[in-house]
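Worksheet: one structure, shown below.
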Amino acid sequence: MRALFPRLGVAVLIGLVAFAVFGPLINLVIWAFAEQWFFPNRLPSQWGFMFWERVFRPRAGAWEALGNSVGIALATVVFSMALAIPAGYALARLVLPFRHLIMLVFLLPQAFPSLPIFVNIAAMFYGLGLNGTYFGVILVHSLPGLVYAVWIATAAFAATDIAMEEAARNLGASPLRTFRDITLPQAAPGLMAASIFVFLDSIDEFTGTFFVGTPDITTLPILMFNAAMGGNYQIAAITALILLIPSVGFMLIIERFLKSDVLARIGR
Amino acid sequence: MSLSNASRVSRSPLQNASHTKWYSVALVAPALAAIVFLFAVPLIRSVVTAFIDADGGWTLENISRAVEFYGRDVVFTIVIAVLSLAVIAAISIAIAGYLTLGSTPWAVAALRWLYRWPLFIPFIVAGQTARSFLARNGLMNSMLMEAGLLEPVAAQSFLDWRGLVMTFAWKQVPFVTLLLAGAMASLDRATIESARNLGANRLRCLFEIVLPQVRPTLFVGLILSLVTIMSVLSVPMMIIAGTPNMMTTMMAHRVTYYGDYAVANALGLFSYLLTALVAWFYLRSTLEKEAGK
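Line order of the protein sequences matches chains A and B.
Counting in the numbering used here, the first sequence runs from 1 upward without gaps.
Counting in the numbering used here, the second sequence runs from 1 upward without gaps.
As structure tokens, this is what we get:
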């Protein structure tokens, strides 16, 4: 009997945590299928797919926003990784002057509130004619993207085996071939994890797009924000659910790519 | 471009030690240039613009106007940030502590699975979920009414400072907990076990043995959370209508409605100062501790 009460207490507490975590998400799902819901009804009085049809109607803009979001995210991954792979290799494996200072520079964007940075990027881009262009949005998404990409790529290259590389060189493999066939495959899971982080960050990015992209370029977060501010809870909820798919999906598989030996080297 | 760089890379690091420098610099240069263009230049621009008037001369006018127009919002931001960090710290310590010291295996496993979810949810989605969950007819009030804890007439919306604190905490608690639980897991179990054997209860164990050892991790997590709170635009815009609101919203408002970059940048300066101040206190306390050793 004495043991029962603490056990009950633990169960109640875990239940409360579950409600705090999933309650808001359940509320979102309810809104996505609610056709009519007025206070003080605790649940919608009419359920259905009416708003889903409205969101995905050809000219409603959801498909375009989805295409924009995915296209910009992929381009951001390509751009960030193209810069981060050579940089990560050099930082992890080569003799670099001021290495620690350079690592610090790649960390600094995370240490400053980013909103004033985005505001001034937008002001600079205005002068360069980059506001409202895909390239401008890809550049602004690459700022947080590069930070993740460089740090994870550096850790991934630091975890590769130098001896195997030297063996390949001694056996007569060209430098390019050694990098392609020996170094890159070893670093690939870490680089994949970096790409996933950059992709997710870009898909979810709101502030930079808000200043640089709008009103010409609408991504999913911008579409969701506009629907929410317009008081359209159903459309906002449906867009929000679409936004959750890549985040939750990738996070469930990312643990496979981000191995502990790479994680342990981040920041060294 | 990455291909030609790659060929330069693999001239093995050990063999050409004397020649490594120029091409290793060349490999880092493009990424570094991008960071300079996308971060350093805008950062310097934001600080300089805050002190320049319409004719290009130096002035403190923008600062005083920012204080005059947005003083209340600055105070509001500080209060929200402090409250959020306090809530984040308390809940993260509780969860990470239970994950480390908890004695009910199924509860530890359930909590470990549960707590991470909000980490994966974008801020903009968190803002929308909060808007529906914390509203007058939201699920939180419904459940409270269902449980008989709330009269329908007394139901009120939490979409004000409380909603803001709750949403920031909901998003950031998993992040700080993840760091904290990781640090706690790598502690020496022997000390904890011996304290337990000597009769210290779990709460005492947490506060007197575990927590002092992971304090640096806790502070790093809280500082990064502060930077996040000072950066997020969507959540305060979506949760609070009108003023006072967070500085982020006010900067966006100043730029989009008035095109007034000078005052917006003066506000931005305050947000840098606030985070820098907290980071400085943290660094000073760690340095003092190092010196004291």
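We put the beta carbon where it would ideally sit given N, CA and C, even for glycine.
Just so it is clear, the structure is predicted and the values come from calculations on it, not from any experiment.
Other residues of its chain near residue i: CB distance less than 8 Å, five sequence neighbours each side excluded
i: L14 (chain B); result: Low local confidence applies: a pLDDT of 46 at L14 (chain B) is under 50, so the model's placement there is unreliable, and no value is given.
i: N16 (chain B); result: In this prediction, N16 (chain B) scores a pLDDT of 45, lower than 50, which makes its location untrustworthy; the coordinate-derived value is nonetheless stated afterwards. Taken in chain order, the list of residues that qualify is empty.
i: T191 (chain B); result: I209
i: V280 (chain B); result: Correcting the residue identity first, residue 280 (chain B) is Trp in this sequence and not Val. Around W280 (chain B): no qualifying Cβ.
i: V79 (chain B); result: W161
i: L115 (chain A); result: T207
Residue i vs residue j beta-carbon contact at 8 Å
i: V153 (chain B); j: A183 (chain B); result: no
i: V147 (chain A); j: F98 (chain A); result: no
i: D204 (chain A); j: S247 (chain A); result: yes
i: M298 (chain B); j: Q128 (chain B); result: Here chain B comprises residues numbered 1 to 293, so residue 298 (chain B) is not present and cannot be evaluated.
i: I121 (chain A); j: P42 (chain B); result: yes
i: Y233 (chain A); j: S132 (chain B); result: yes
i: L179 (chain B); j: V220 (chain B); result: yes
i: A90 (chain A); j: V150 (chain A); result: no
i: I72 (chain A); j: V137 (chain A); result: yes
i: V212 (chain A); j: S80 (chain A); result: no
i: A130 (chain B); j: S157 (chain B); result: no
i: L119 (chain B); j: A181 (chain B); result: no
i: I152 (chain A); j: A193 (chain A); result: yes
i: M140 (chain B); j: G15 (chain A); result: no
i: A82 (chain A); j: V227 (chain B); result: no
i: F175 (chain B); j: L108 (chain A); result: no
i: A65 (chain A); j: A31 (chain B); result: no
i: I223 (chain B); j: V278 (chain B); result: yes
i: V21 (chain A); j: L114 (chain B); result: yes
Residues of its chain near residue i, where Cβ-Cβ distance is below 6 Å and the 5 sequence neighbours each way are ignored
i: A66 (chain B); result: V263, A266 and L267
i: L269 (chain B); result: A50
i: V232 (chain B); result: F123
i: M50 (chain A); result: E35
i: V12 (chain A); result: none
i: L83 (chain B); result: V165
i: N62 (chain B); result: A50, A262, V263 and A266
i: V25 (chain B); result: none
i: R254 (chain B); result: D260, V263 and A264
i: A155 (chain B); result: R136 and N141
Sequence-distant residues of the same chain with beta carbon closer than 7 Å to residue i, five excluded per side
i: W52 (chain A); result: I238
i: M224 (chain A); result: A236, T239, A240 and L243
i: P298 (chain B); result: An answer regarding residue 298 (chain B) cannot be provided, because it is not within the stretch 1 to 293 covered by chain B.
i: A32 (chain A); result: Q234, A237, I238 and L241
i: S234 (chain B); result: F123, I124 and G127
i: V9 (chain B); result: Because V9 (chain B) carries a pLDDT of 44, less than 50, the predicted location of this residue cannot be relied on, and the following value inherits that uncertainty. Closer than 7 Å at the Cβ level, and outside the excluded window around V9 (chain B), lie L27.
i: H141 (chain A); result: I72, T76, S202, E205 and G208
i: A169 (chain B); result: S84, V87, I88 and I91
i: V47 (chain B); result: L269
i: Q46 (chain A); result: E35 and Q36
Bridge partner(s) assigned by DSSP for residue i
i: A34 (chain A); result: A:W47
i: I52 (chain B); result: B:W58
First through last residue of the alpha helix (DSSP H) which encompasses residue i
i: S186 (chain B); result: S186 (chain B) -> no alpha helix (DSSP H), and no H or E assigned at all.
i: P236 (chain B); result: S234 to I239
i: A40 (chain B); result: From DSSP, A40 (chain B) is part of no alpha helix (DSSP H); its letter is neither H nor E.
i: S103 (chain B); result: Careful: S103 (chain B) lies outside any alpha helix (DSSP H) and carries neither H nor E.
i: L203 (chain B); result: R202 to C205
i: V227 (chain B); result: L211 to S231
i: W63 (chain A); result: A62 to R93
i: T256 (chain B); result: M247 to Y258
i: I138 (chain A); result: Y134 to A158
i: A135 (chain B); result: No alpha helix (DSSP H) contains A135 (chain B), which DSSP labels as neither H nor E.
i: S202 (chain A); result: L184 to D204
i: G127 (chain A); result: S114 to L128
i: T178 (chain A); result: P175 to T178
i: A163 (chain A); result: I162 to N170
i: P221 (chain A); result: L220 to M229
i: G208 (chain A); result: T207 to V212
i: R99 (chain A); result: R99 to L107
Distance cut-off 7 Å: residue i Cβ against heavy atoms of the ligand COA
i: T243 (chain B); result: The model depicted lacks the ligand COA and carries no ligand whatsoever.
Three or more C-beta pairs under 8 Å: does that hold for the segment 44-62 of chain B against the segment 154-167 of chain A? Contact fails: fewer than three Cβ-Cβ distances are below 8 Å.
Is the segment 51-66 of chain A in contact with the segment 185-202 of chain A, if contact means three or more CB pairs nearer than 8 Å? In short, these stretches do not touch, since the Cβ pair count stays below three.
Check whether the segment 101-116 of chain B and the segment 134-151 of chain B touch, using three or more Cβ-Cβ pairs below 8 Å as the test. Contact check between the segment 101-116 of chain B and the segment 134-151 of chain B: fewer than three CB pairs, one atom from each, fall below 8 Å, which does not count as touching.
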